[in-house]
Structures are given as structure tokens and as C-alpha cells.
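J.: Numbering (the working numbering), first residue to last: 54 to 111.
Got a structure for you, questions after.
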């Protein structure tokens, strides 16, 4: 499908999205969150039951 430059800036219909805790955890693991890197382990994206760590979504 070719890109239509005339469509730039157009607004589509609104939509409502939701996800579960499990969906967020699986997505975070799928994009590599939780592995050791210079900024830390990103534990808040890959856990839902650690002490004093609230789950966050990417």
C-alpha cells in the first residue's frame, strides 16, 4: 500500500484500549526490559509482586 501524503494530519475515529497486568509483563519481556543494563534492571516493568516495587507499563 503506497503512502498517501494527503492523509498527513488527518484524524481517525477514536478507540478505547485496555490491557491486563499479564499483557504488560509479556510486552516488557518481549522488548527486552528486565535485562541488566547501565540504567538498572527495570524491575518495575517485569514484576507484579516484588516488595516495594509497583508495576509500571511501557
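Ideal Cβ positions, reconstructed from N, Cα and C, are used throughout, including at glycine.
Please read all numbers here as calculations on a predicted model, not as lab measurements.
Three-state secondary structure (DSSP) at residue 98?
T.: Locating residue 98 in the chain shown gives position 45, counting from the first residue. Looking at residue 98 - three-state DSSP - the assignment turns out to be helix.
J.: For the alpha helix (DSSP H) containing residue 76, name the first residue and the last one.
T.: By 1-based counting over the chain shown, the position of residue 76 is 23. Segment 74-83, the alpha helix (DSSP H) holding residue 76.
J.: What's the call for residue 99, buried or exposed, on a 16-neighbour Cβ count within 10 Å?
T.: Stepping through the chain shown from its first residue, residue 99 is reached at position 46. Residue 99 is buried by the Cβ-count criterion.
J.: Here's a check: name, in chain order, each residue in its chain whose Cβ is nearer than 8 Å to the Cβ of residue 111, leaving out the five neighbours to either side.
T.: As a working note, residue 111 is residue 58 in the chain shown. Contacts found: 77, 80, 81, 84, 86 and 98.
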